[in-house]
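J.: Here you go, one structure.
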Amino acid sequence: MGKIPNFSFTVFPLRSVVVLEAISQIGLIYFIFTIGVEIEPSVVKRSGVRSVAFASMCMFVPFAIGSTSALMLSDGLDSDINLGAFVIFLGVLFSITAFSVLARILAELKLLSSDMGGLAISSVLIVDTCSWALFSMALTLQLSGGDMAAAFWVLLSGGVFITATFAIVKPAVWWVMQHTPEGQDMSEMHTCFLLAGVMAWGFTANVLGVHPFFGAFAYGLAIPSGTIGEGLIDKAADFMECLLLPLYFAIIGLRTNFASIVDSGNALFIVIVVLIASASKVAGSLFIAFFFKMPLIDGLSFGLLMNTKGIIELAILNIGRDKHIIGDQMFTVLLLMFVILTALVEPTLAVVMRTTRQFVTHKRRTIQWSKLDTELRLLVCVHSTREAPSMISLLEISSPMKRSPIFVYVLHLIELTGRATSMLLLTSKVDAGHHSGKDSSMYSQGNHSRLQTQSEQIMNAFESYEQQAGGVSVQPLTALSPYSTMHEDVCRIAEEKRVNLIILPFHKHPTVDGDVEVTHPALRSLNQHVLSQASCTVGILIDRGLSGRSGASCSVALLFFGGADDREALSYAFRLAYNKSLRLTVLRFIEGPKEQSSESLNDERVVTVMAEDFKELELDEAHLNEFRRKCEGLEGVQFSEMVSEAAEDIVAIIRSMEETHDLYIVGVRHSRGAHMITGLTDWSECPELGPIGDFLASSDFTFKVSALVVQQCSEELAGADAAAAASPDSPGRQVRLCMNN
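So for the sequence shown, our numbering puts the first residue at 662; every next one is plus one.
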């Protein structure tokens, strides 16, 4: 539209552009300040070897490519451009990565809490720290006419400035925190004072010969963890992001002139160099991934992420143009290439991740197919402190031993509401098991103290259990997302950690008067989504006082009706059988005799159903016989069979056992041949638990007996059934052949 005669001068007159530039610069300074607040400086200090290796490869190789290309373009430079500044500037442009853009891409793709996400965040912090230092040197060289002594003194003064910033700002903010009552917002006077400090530090940096951006960034880094940083971001972000930053983008757009591209050969060379530098990040990441024996797909994803550019890179480009380090043509070409590359990163990464997940098969990630002498991996999900004791009691009766260890991933589920600067969780999760430090800004200011205390109590409880128990390893994790997408985090973590069983708390809890109440309606939707999408076994714990039962006082009953879920529940109960202080009863329900008419026997559909029932029956018998054989001689293990013809018989039998057991274990789905439980589905309130699980969770079941409802992975079951049906010697195929004959 700038090509329209008098359009730019009418809409953006020269006198207004000057004002807009000043206002937009203020917005950019505050934006860089918020990035500094969001970054945890200790992450760079404690970065591991892999982070340093990835950062070095993604920093120095593109820097070398950019510097070499700058030397090749040096013949056409204007006389006022310093060669050293130009070489360093291009190297920085090709190596730097947009921290904020990368973190938000990770958040949108649900990679925040992954190992690759944490590695990317820690690496980009190292890259950006080195890039900013080099950019400062390039800027000083250009302004001083190539005086290396001046560049050295500017860097030295910058280091002293950052040290002084931490020495002054941190104590001041701690003083403000001490004078802010717990649970209340920071006073308006303190807020205005701290926000005004951003401009003061930018001005001081400019006086020292450093760009004001450095002053604002250092000031943000010095803001300690807690509610203060979140309060400052909340006060400044809306005005900054909705008004000031769009003005900065408008100014960048006004400065971008496509007519400035007059040397097509030179422009093509720059495009090729940008592509080579981007490809070098991907190739270097693949090499480091291969060197550390990581999945190559992680190396590819990491290389793509390191090619993201954002507003900071645009600011560096703009500064380079203002200081005459680069010309209009190079400014326009680099701007277009950065926009195109950044736009391609997220969809390309999404396709790579989606394609990978389609081809990755998780074979037999169930309890049934895991050997007793191998590590059992559990993902225990906890919403609040009230659920931790019952989960620990369930782990305690699961008979962890050194020869049969249990690795527990404790996932604290926190609802993400309001403003979400998602990179904060990453910066604390790189080396810590759960959130700490500046991830507090993920919470609203009023809830921060409560949530942080709650999380610490949960993790301390599980870590204390780990120290007391033998054969148990605990790793705390945090999932911070809206309830609408929280199931994606749970399922993804289960896939990445290769867990065998996800344990979720039920959305209802018992009250003092013996009734049950819904603690949070969204929890039920979460459980339903995990049950339908998880690629491993899922268990839902219905707690009715299990936390007070452990050791010799605990008695467990397995209700077996038949089917894959019941076989999975039996496999879990088999691990409990080795707990010498626990009493285990396996109760198998057998359907009473039922007459079948001759007409139905001639129906092909009925014959097919009967064949499938025979197949399930053979699998059940084989599994039960194996259980009896292995448990023979174990004290405290009983096996009995009960014949029932209707749902009323089942209810009566379960009620008669209520006084003698503390925990029921039952499958969600049962074989289609179990017609005796059909009547229970008529008044089902929570069908996702299955007919028996729903009865045990209902308010009609008033006894204080907890229940663990188990569902085997549907995809696993389908794959196993398909394999069994395809095998010429499989029981299912033999049954079908007999029925057809």
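Even glycine gets a Cβ: it sits at the ideal position worked out from N, Cα and C. In this text the structure is predicted, and so the values were computed from the model without any measurement.
(1) Please look up how many angstroms separate the CB atoms of residue 976 and residue 689, rounded, as I've assumed it's under 8 Å.
(2) Contact between the stretch 878-894 and the stretch 848-862 is defined here as three or more beta-carbon pairs at a separation below 8 Å; is this criterion met?
(3) Mind checking residue 819: buried by the 16 CB within 10 Å criterion, or exposed?
(4) For residue 1054 and residue 837, I'd like the C-alpha separation in whole angstroms.
(5) Suppose you measure from the CA of residue 1013 to the CA of residue 962; what does that come to, to the nearest Å?
(6) For my contact list, residue 1222 and residue 1250 are in at a C-beta cut-off of 8 Å; report their separation, rounded to the angstrom.
(7) Closest to residue 922 by CA distance: which of 1027, 1131, 995, 717 is it?
(8) If distances are taken between C-alpha atoms only, which option among 845, 909, 824, 846 comes closest to residue 878?
(9) So, for residue 1147: in the same chain, excluding its five sequence neighbours on each side, which residues have a beta-carbon less than 8 Å away from its beta-carbon?
(10) Please name the residue, chosen from 1135, 948, 1119, 974, that lies closest to residue 1037 on a Cα-to-Cα basis.
(11) Only counting runs of 4 or more residues, tell me where the alpha helix (DSSP H) segments fall wholly within the stretch 936-966, in order along the chain.
(12) What's the gap between the Cα of residue 972 and the Cα of residue 991?
(13) Assuming contact is defined by CB atoms lying nearer than 9 Å, are residue 781 and residue 752 in contact in what I supplied?
(14) So, using beta-carbon positions, are residue 1371 and residue 1301 closer together than 9 Å?
(15) I'd like the list of long-range same chain contacts for residue 1204, defined as Cβ closer than 6 Å, with 5 residues on each side in sequence excluded.
(16) Output the distance between the C-alpha atoms of residue 783 and residue 713, rounded to the nearest integer angstrom.
(17) Should residue 1182 go down as buried or exposed, given a rule of 16 or more other Cβ atoms within 10 Å for buried?
(18) Under 6 Å Cβ to Cβ from residue 669, same chain only, skipping five residues before and after it: list those, please.
(19) Please report the distance separating the alpha-carbon of residue 1393 from that of residue 1252.
(20) At 4 residues or longer, what runs of the alpha helix (DSSP H) sit wholly inside the stretch 825-910?
(21) Hey, quick one: how far does the beta strand (DSSP E) through residue 673 stretch, first residue to last?
(22) By the DSSP assignment, the alpha helix (DSSP H) with residue 754 in it spans what residues?
(23) If you drop the 5 nearest sequence neighbours on each side, which residues of the same chain put their C-beta closer than 6 Å to that of residue 674?
(24) Can you tell me the Cα-Cα spacing of residue 665 and residue 916, whole angstroms?
(25) Using the Cα positions of residue 901 and residue 859, report the straight-line distance between them to the nearest angstrom.
(26) Does the distance from the C-beta atom of residue 1369 to that of residue 1230 stay below 9 Å?
(27) Under 8 Å by Cβ, that's how I've got residue 816 and residue 792 pegged, so tell me the actual separation to the nearest angstrom.
(28) Which same chain residues end up closer than 7 Å to residue 772 when comparing Cβ atoms and leaving out the 5 residues on each side of it in sequence?
(29) Can you have a look at residue 957 and say buried or exposed, based on whether 16 or more other CB atoms are within 10 angstroms of its CB?
(30) Cβ atoms of residue 693 and residue 874: under 9 Å apart, would you say?
(31) Comparing C-alpha positions only, which one of 948, 736, 1348, 912 sits nearest to residue 1407?
(32) Do you know how far the Cα of residue 1178 is from the Cα of residue 1199?
(33) Among the candidates 953, 770, 984, 1226, whose CA atom is the shortest distance from the CA of residue 1280?
(34) Going by CA-CA distance only, name the one from 1316, 724, 967, 862 that's closest to residue 827.
(35) Do you know offhand how far residue 608's Cα is from residue 804's?
(36) Would you say residue 1072 and residue 1133 are within 9 Å of each other, going by their C-beta atoms?
T.: Taking the structure as given:
(1) 6 Å
(2) yes
(3) buried
(4) 43 Å
(5) 8 Å
(6) 5 Å
(7) 995
(8) 824
(9) 1074, 1076, 1140, 1187
(10) 1135
(11) 957-966
(12) 17 Å
(13) no
(14) no
(15) 1051, 1367
(16) 9 Å
(17) exposed
(18) 663
(19) Unreliable positioning characterises residue 1393 in this predicted model, as indicated by a pLDDT of 35, which lies under 50. A coordinate reading is not provided.
(20) 849-868, 873-882, 888-900
(21) Where residue 673 is concerned, there is no enclosing beta strand (DSSP E), given that its DSSP letter is neither H nor E.
(22) 744-756
(23) none
(24) 16 Å
(25) 13 Å
(26) yes
(27) Wrong, their Cβ atoms sit about 14 Å apart, outside the cutoff.
(28) 778
(29) exposed
(30) yes
(31) A question about residue 1407 goes unanswered here, because the residues of the chain that appear run from 662 up to 1402.
(32) 23 Å
(33) 1226
(34) 862
(35) Residue coverage of the chain in this structure runs from 662 to 1402, which leaves residue 608 outside it and unanswerable.
(36) no
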